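Heads up: the sequence lines are chains Y and X, in that order. Residues are numbered in my numbering as their position in the first sequence, beginning at 1, plus a constant of 282. Residues are numbered in my numbering as their position in the second sequence, beginning at 1, plus a constant of 282. Glycine residues also receive a C-beta, built at the ideal position from the N, C-alpha and C atoms. Fair warning: this is a prediction, and the values are worked out from it, not measured in the lab.
Number of protein chains: 2
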Amino acid sequence: MTIFVPMKVIRNESLPDSKACAGSLRNMLDALYVLNGKWKLAVILCLVQSSKRFNEIQHEITGISAKVLAKELKDLELNDFISRNVYPTSPETIIYESTEYSRTLKPLIAELSAWGAQHREKIKESMRKKL
Amino acid sequence: MTIFVPMKVIRNESLPDSKACAGSLRNMLDALYVLNGKWKLAVILCLVQSSKRFNEIQHEITGISAKVLAKELKDLELNDFISRNVYPTSPETIIYESTEYSRTLKPLIAELSAWGAQHREKIKESMRKKL
DNA sequence: GTTACCGCTTTCCTCCAGGTAAGTTGCATC
DNA sequence: GATGCAACTTACCTGGAGGAAAGCGGTAAC
Numbered sequence: 283m284t285i286f287v288p289m290k291v292i293r294n295e296s297l298p299d300s301k302a303c304a305g306s307l308r309n310m311l312d313a314l315y316v317l318n319g320k321w322k323l324a325v326i327l328c329l330v331q332s333s334k335r336f337n338e339i340q341h342e343i344t345g346i347s348a349k350v351l352a353k354e355l356k357d358l359e360l361n362d363f364i365s366r367n368v369y370p371t372s373p374e375t376i377i378y379e380s381t382e383y384s385r386t387l388k389p390l391i392a393e394l395s396a397w398g399a400q401h402r403e404k405i406k407e408s409m410r411k412k413l
Numbered sequence: 283m284t285i286f287v288p289m290k291v292i293r294n295e296s297l298p299d300s301k302a303c304a305g306s307l308r309n310m311l312d313a314l315y316v317l318n319g320k321w322k323l324a325v326i327l328c329l330v331q332s333s334k335r336f337n338e339i340q341h342e343i344t345g346i347s348a349k350v351l352a353k354e355l356k357d358l359e360l361n362d363f364i365s366r367n368v369y370p371t372s373p374e375t376i377i378y379e380s381t382e383y384s385r386t387l388k389p390l391i392a393e394l395s396a397w398g399a400q401h402r403e404k405i406k407e408s409m410r411k412k413l
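As structure tokens, this is what we get:
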């Protein structure tokens, strides 16, 4: 099979799918901008499953430090992904809870998780072949 | 509405959904590990749309530098997300192309892009309210 | 009154993703 | 033979993400 490759590729800015591509590209970059960092989605997932306290979250997400978790929680609250509820028990009980809006991320999280699972399988497979 | 919050929350390790949660958490973290960085998914999206040359990619993904793009491309090739094809024209033509495997990311990319679009709308909305 | 827990905060430090700018190699065109 | 492009590479630098560890203010149990 021979493939002819033109010497000069004309940059066709007006291609319709080029515009569509640029659009979804921008959308993706916007999404990645809010969901940046190692832990943001993990915290959201954790709280979408059920409301929790600080220590419980830290315990569940192995590896996250108190400092980082505190920062992420503040950030997520500012962006309306979670709410921080203080109950007047003694001592005060603080429960973090996912908002309606964070639940719009459910399909994305499901997709990510599914892909991650399948990817791990693929890696394991390729490891076996190498041995 | 009064909510009674128990003073001590017993950490129930044996809850079934706690395990399921830990599972999808791990899956997600695995996925995020391979897809890390600002540009990886953007490059994949770009190449899933159509095969392209180095300069075309750099032109389409505004803001990415030659150095970073080169690094990402190497990385993505190593992980079997794209292939680098050299055609013996003169001078050589190099075309990057998405692999079968990278196309397994299509639903994820679609989800991300859709969410990003909807998120931008939400932000614009809340901006209008503030003014 | 001392010890422990909860929900953080503070300090300090390290690492590296990623940006800038300039250089390089091999053609090819003028 | 000078200029230019394509595809990178190299060298240098910086911000900020994120880790480790200790501290802190209030409460409460012993």
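What's the call for residue i, buried or exposed, on a 16-neighbour Cβ count within 10 Å?
| i | result |
| --- | --- |
| M409/Y | exposed |
| E374/Y | exposed |
| I343/X | buried |
| K353/X | exposed |
| E407/X | exposed |
| A348/Y | exposed |
| Y378/X | buried |
| N318/X | exposed |
| I405/X | exposed |
| K334/X | buried |
| G398/Y | buried |
| T284/X | Since pLDDT at T284/X reaches only 36, below the 50 mark, its modelled position is unreliable, and the value read off the structure follows with that caveat. Exposed: under 16 other Cβ atoms inside 10 Å. |
| H341/X | exposed |
| R293/Y | Any reading at R293/Y needs caution, since the residue's pLDDT is 40, under 50, leaving its predicted position unreliable; the model's value is listed next. With fewer than 16 other Cβ atoms within 10 Å, it is exposed. |
| N309/Y | buried |
| S372/X | exposed |
Below 8 Å on the Cβ atoms is my guess for residue i versus residue j; work out the distance and round it to an integer in Å.
| i | j | result |
| --- | --- | --- |
| S380/Y | I326/Y | 7 Å |
| V316/Y | N361/Y | 6 Å |
Indicate whether residue i and residue j have their beta-carbon atoms separated by less than 8 Å.
| i | j | result |
| --- | --- | --- |
| I346/Y | L355/Y | no |
| I339/X | L351/X | yes |
| L314/X | K412/Y | no |
| A324/X | L311/Y | yes |
| C328/X | L307/Y | yes |
| R366/X | I376/X | yes |
| E393/Y | E393/X | yes |
What residues from the stretch 323-339 of chain X come within 8 Å of chain Y, judged by C-beta to C-beta, listed N to C?
L323, A324, L327, C328, Q331, S332, R335, E338
Against chain X, which members of the stretch 354-375 of chain Y pass a CB distance test of less than 7 Å?
Y369, T371, T375
Output the residue ranges of the alpha helix (DSSP H) runs that lie fully inside the stretch 326-388 of chain X and measure 4 residues or longer, sorted by chain position.
336-342, 348-360
Taking Cβ-Cβ distances below 9 Å as the criterion, which residues of the stretch 392-410 of chain Y are in contact with chain X?
A392, E393, L394, S395, A396, W397, G398, A399, Q400, H401, R402, K404, I405, S408
Select from the stretch 306-320 of chain X all residues with a C-beta closer than 9 Å to any C-beta belonging to chain Y, and list them in chain order.
S306, L307, R308, N309, M310, L311, D312, A313, L314, Y315, V316, L317, N318, K320
Quick one, which residues of the stretch 378-391 of chain Y are near chain X if we go by CB-CB under 8 Å, in chain order?
Y383, T386, L387, P389, L390, I391
Under 8 Å (Cβ pairs) to chain X, residues found in the stretch 338-352 of chain Y:
E338, H341, E342, I343
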